[in-house]
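In what follows, a structure is listed as structure tokens, so that the remarks can point back to it.
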Amino acid sequence: MGALLVVVPLLAVVLLNLPFGRTWRKLAMSLAGLLCLAEAAAAIGVALPFWSSPSPAGTLLLKLFKTHFPVDGLAQVMFLCIALVGLSAILVARYAMAGDSDRQFRFANLVLLSIAGMNGIVMVRDLFALYVFLEITA
């Protein structure tokens, strides 16, 4: 589960920025909110099938990076805090930037990158990985 909390927001940013037209720009805030809700549900302990059981592509990705992100009780509390703060930021920004889809799109990208970086910071076990995730967050 730990690696998916970093990889899924990063993949969402990549998918949002592919040249598919204006439809992704309209759905960016909703996608970011749904990812925050899924992270909060995973942190609480609700068994989500797409988070808990790794797919063949997910196991290939984990073998490719050869990393292990352990998740303990404190990490779950931090994931829940990150998800709730991210979700509240998205909800406030959605109404504060109502009507400006370009600003909402850029904000959703920044929030997803920040969530991926903060989730990585929670799970790191060495200084180099901490530096990498701090750079992603910044």
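Take 80 as the starting number for the sequence shown in the working numbering and just add one per residue. Every residue gets a Cβ at the ideal spot worked out from N, C-alpha and C, and that includes glycine.
Could you tell me the distance, in whole angstroms, from the CA atom of residue i to the CA atom of residue j?
i, j, result
"A217", "S193", "7 angstroms"
"R104", "Y174", "16 angstroms"
"A121", "F207", "27 angstroms"
"V93", "L153", "29 angstroms"
"V171", "D205", "35 angstroms"
"V156", "E118", "11 angstroms"
"L106", "D179", "13 angstroms"
"G81", "L97", "26 angstroms"
"L83", "D151", "15 angstroms"
In chain order, what residues of the same chain have a beta carbon less than 8 angstroms from the beta carbon of residue i, not counting five sequence neighbours either side?
i, result
"A91", "L110, A111, L114 and L191"
Please list, in chain order, all residues of the same chain as residue i whose beta carbon is under 6 angstroms from its beta carbon, the five residues on each side excluded.
i, result
"P128", "The predicted position of P128 is uncertain, since its pLDDT is 49 and thus under 50; a value taken from the coordinates is nonetheless stated next. Hits under 6 angstroms: none found."
"V85", "A195, N198 and G199"
"R182", "M176"
"F186", "A172"
Among the residues of its own chain, which have a CB less than 7 angstroms from the CB of residue i, if the five just before and after it don't count?
i, result
"G165", "C115, V190 and I194"
"F212", "G196, G199, I200 and V203"
"I215", "L192, A195, G196 and G199"
"V87", "L114"
Mind reading off the beta-carbon distance from residue i to residue j? Whole number of angstroms is fine, and I expect it under 8 angstroms.
i, j, result
"M108", "I161", "Actually they are not in contact, since the Cβ atoms of M108 and I161 sit about 18 angstroms apart, beyond 8 angstroms."
"I123", "L159", "6 angstroms"
"L89", "N188", "Contact flag wrong, Cβ pair sits at about 11 angstroms."
Uninterrupted beta strand (DSSP E) stretches inside the stretch 172-211 (no shorter than 3 residues): none
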